[in-house]
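Here is the structure we will look at, set down as structure tokens.
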Amino acid sequence: MTEPIGPRGGRALAVGAGGLAVLLGALDTYVVVGLLRQIIDDLSIPVNRLEIVTPVITGYLLGYVAAMPLLGQSSDRFGRKLLLQACLGGFLAGSVVTALAGTVPVLVVGRVIQGTAGGALLPVTLALAADLWPGNRRSAVLGAVGAAQELGSVLGPLYGIGLAAVTGWRGVFWVNVPLTLLAAVAVQVSVRGTKPAVRPRVDLGGALLLALTLASLVVGLDNPNPREQVLPPWGVPFLIGAGLSLVAFLWWESRAEVRLIDTATVSLRPFLTALGTSVAAGAALMITLVDVDLFAQTLLGRDDGGSVELLLRFLVALPVGALLGGVLATRIGERWIAGAGMLIAAGGYLLMSRWPADVLAAKSVLGLPRLDVDLALAGLGLGLVIAPLSAVALRAVPPAQHGVASAAVVVARMTGMLVGVAAVSAFGLHYFHTLTASLNPPIRILFPSAPAYDRALADYLGAVREALLTEYRAIFLITSAVCLAGAAAAVSIGGRTPRTVVSSEPDRAPTAR
């Protein structure tokens, strides 16, 4: 078994080191969005072929999601410290490959390596926190780790834009080298321990089938030209493949001797409802990041920097909600805080579904800017659910499965992000084309005078803007409904019912592995 790490100060140092690693991985989840223009120019990508760089974003996300269950379970077998160090090493290697890339395929390979390694940092750190803190005090610590993840979403776009202005886009990834080494030293010094006394085997077959399912789903929904059709030409075969691999995964898990999660030792109702709520929260999160950015650029005339500045209202509220949710869940109960968080988010999106075109001039309660209030409500609500959902999932499984349970929560959230934004965006584009099907842009030569043409053009652009506003309102209304479904799932989690599981280990002081 692992060596005790000591009292509160040592435990806080260990989780702080893991939190630093989590922040590093989270930064790179979002950093590339602000670098795309420089990457396009440097790699001489034609402006009419921007879909070529899409895998630079989706590759990281795919690696992040697909490898997480296996690496999370591996931390149960080989120890948290070893997995954290291995993932930091992989993240460093991926950063170097990305920084040196001279072509898009090499760049994508580097990002996939980064994402694969970065995807395990959060669940392993959450599992480390679960190892070190008892269940009744765990939510606050999990909230702090979740806040580190959300802080990456706040800082990532700004960090990338600011650093690239000084070093160029490659410098952003070169800076990862010393930062990763710093995190590795912090983990090495603070997280003590040897191999776990109980070493569950790893379900490699199940992990590969689940990774194949997620990869097929992502590729099938990744459409480089969504204006022409809902799915890419290869979409249907890949989605069918995802369904088949999911069936194969379920069959494997029902018969395998070693499983990703042994359902015989899991309280299924709270575990599955926590995952369902996490899917809803992930979908709402990514829809916000995409559609508020588009709203700002298409209706408010903002550039990339300006749209990120508007999103800060939402992004700052996320980590605040994560910290607050951890503290409140410890005192009030996970299901009530998670349910309240999703209800608050649903209310925020309902308000957003009624945004006027010039929302920057609109006022909310107490004369506060409406955009600020609505985005802050949505971000605060989604942040509140992070720690309670992790706490519920971890309490529903025995300690030997904390790593894979933590991974499952994050996988559910990221899957919601991927599927939610793809499905809602497909609907939105279809709805927009339906609204504008009868509109025809004016042709100059058909008008007798320049003023007549200008009036016709202004009417046409006004109709397009109105169609865009209607589309965004519908998307935010759907997001509100998704959050309501997540709230219902959260409330159905149930109270703090102890697991009917006999632990294979005697009670002992918390340890870091």
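337 is the number of the first residue of the sequence shown in my numbering; add one for each residue after it.
A virtual CB, placed ideally from N, CA and C, is assigned to each residue, including glycine.
Keep in mind the model is a prediction, meaning the values are calculated, not measured.
So what's Pro705 in DSSP terms, helix, strand or just coil?
-> Here residue 705 is taken as the residue at index 369 of the sequence shown, counted from 1. Of the three classes helix, strand and coil, the one that applies to Pro705 here is strand, per DSSP.
Element boundaries [alpha helix (DSSP H), containing Phe585] = Counting from 1 along the sequence shown, the entry for residue 585 is found at position 249. Counting along the chain, the alpha helix (DSSP H) containing Phe585 begins and ends at 571-591.
Residue environment, Leu580, which counts as buried when at least 16 other CB atoms sit within 10 Å = The residue labelled residue 580 in the question sits at position 244 within the sequence shown. When all chains shown are included, Leu580 counts as exposed.
Taking the alpha-carbon positions, what's the Leu659 to Asn776 distance?
-> Locating residue 659 in the sequence shown gives position 323, where the first residue counts as 1. Locating residue 776 in the sequence shown gives position 440, where the first residue counts as 1. Their Cα atoms are separated by approximately 51 angstroms.
Beta-carbon proximity list for Gly354, same chain, < 6 angstroms, skipping 5 on both sides = Residue 354 sits at position 18 when you count from the first residue of the sequence shown. Counting only Cβ-Cβ distances below 6 angstroms, and skipping sequence neighbours, we find Thr461, Leu464.
Say whether the region 398-405 touches the region 508-517, bearing in mind that this needs 3 or more beta-carbon pairs closer than 8 angstroms, one atom from each stretch.
-> no
With a CB to CB cut of under 7 angstroms and the five nearest residues on each side skipped, what residues in its chain are close to Val656?
-> Position 320 of the sequence shown, counting from 1, holds the residue named residue 656. Here the set comprises Leu716, Gly719.
Ordered along the chain, which non-local residues of its own chain (more than five positions away) have a Cβ less than 6 angstroms from that of Phe607?
-> Indexing the sequence shown from 1 puts residue 607 at position 271. For Phe607, where only same-chain residues beyond five positions count, the Cβ hits under 6 angstroms are Ala729, Ala732.
When we look at the beta-carbon of Leu713 and count the other beta-carbons within 10 Å, is it buried (16 or more) or exposed?
-> Here residue 713 refers to the residue found at position 377 when the sequence shown is read from its first residue. With 16 or more Cβ atoms within 10 Å of its Cβ, Leu713 is classed as buried.
From this set, Arg605, Ala794, Leu548, which residue's C-alpha is nearest Ala578's C-alpha?
-> By one-based count along the sequence shown, residue 578 stands at place 242. Among Arg605, Ala794, Leu548, the Cα nearest to that of Ala578 is on Leu548.
Straight-line gap, Leu648 to Leu625 (C-alpha atoms, nearest Å) | Indexing the sequence shown from 1 puts residue 648 at position 312. Indexing the sequence shown from 1 puts residue 625 at position 289. C-alpha separation (whole angstroms): 10 angstroms.
Going straight from the alpha carbon of Ser603 to that of Leu679, what length do you get?
-> On the sequence shown, position 267 is the one that residue 603 refers to. On the sequence shown, position 343 is the one that residue 679 refers to. Cα to Cα, Ser603 sits roughly 25 angstroms from Leu679.
Tell me which same chain residues have a C-beta within less than 6 angstroms of the C-beta of Ser726, skipping the five on either side of it?
-> Start at 1 with the first residue of the sequence shown, and residue 726 comes out as number 390. Scanning its chain for C-beta atoms nearer than 6 angstroms, with the 5 sequence neighbours on each side dropped, one finds around Ser726 the residues Leu462, Leu478, Val745, in chain order.
Just grab the DSSP bridge partners of Lys699 for me.
-> Here residue 699 corresponds to residue number 363 of the sequence shown, with the count starting at 1. Its beta-bridge partners are Pro705.
Collapsed DSSP secondary structure at Trp469 in the structure displayed = If you number the sequence shown from 1, residue 469 lands on position 133. Of the three classes helix, strand and coil, the one that applies to Trp469 here is coil, per DSSP.
Can you give me the Cβ contacts of Ala294 inside the same chain, cut-off strictly under 6 angstroms, excluding the 5 residues immediately before and after it?
-> Residue 294 falls outside the range modelled here, since the chain spans only 337 to 849, and no answer is possible.
Other residues of its chain near Gly451: CB distance less than 7 angstroms, five sequence neighbours each side excluded = Within the sequence shown, the letter at position 115 stands for residue 451. Excluding sequence neighbours, Gly451 sits near Gly395, Tyr396, Leu397, Leu398, Gly399, Tyr400.
May I have the straight-line CA-CA distance separating Val628 from Ile779, to the nearest angstrom?
-> The residue given as residue 628 occupies position 292 in the sequence shown. The residue given as residue 779 occupies position 443 in the sequence shown. Approximately 32 angstroms, taken between the alpha carbons.
Please state if the CB of Gly756 and the CB of Ala617 are separated by a distance shorter than 7 angstroms.
-> Position 281 of the sequence shown holds residue 617. Position 420 of the sequence shown holds residue 756. No, the Cβ-Cβ distance between Ala617 and Gly756 is not below 7 angstroms.
In terms of residues, what are the limits of the alpha helix (DSSP H) holding Arg731?
-> As a working note, residue 731 is residue 395 in the sequence shown. Per DSSP, Arg731 belongs to the alpha helix (DSSP H) from 722-731.
Taking only the alpha-carbon atoms, compute the straight-line gap between Leu540 and Val555 and give it to the nearest angstrom.
-> Taking the sequence shown and counting its residues from 1, the one referred to as residue 540 is at position 204. Taking the sequence shown and counting its residues from 1, the one referred to as residue 555 is at position 219. About 22 angstroms.
Nearest-angstrom Cα distance between Ala520 and Arg801?
-> For this step, residue 520 is matched to residue 184 along the sequence shown. For this step, residue 801 is matched to residue 465 along the sequence shown. When rounded, the distance between both Cα atoms is 50 angstroms.
Please name the residue in Ala823, Tyr366, Arg591, Leu804 whose C-alpha comes closest to that of Pro692.
-> Here the question's residue 692 lines up with position 356 in the sequence shown. Of the listed residues, the one whose Cα sits closest to Pro692 is Leu804.
Apart from the five residues just before and just after Arg809, which ones in its own chain have a Cβ nearer than 6 angstroms to its Cβ?
-> For the purposes of this step, residue 809 is taken as residue 473 along the sequence shown, with counting starting at 1. Only Ser689 meet the Cβ criterion.
Does the separation of the CB atoms of Pro724 and Glu645 fall below 7 angstroms?
-> In the sequence shown, residue 724 corresponds to position 388, counting from 1. In the sequence shown, residue 645 corresponds to position 309, counting from 1. No, the pair does not count as a contact, with Cβ atoms beyond the cut-off.
Go ahead and pull the three-state DSSP assignment for Ser552.
-> In the sequence shown, residue 552 corresponds to position 216, counting from 1. Helix.
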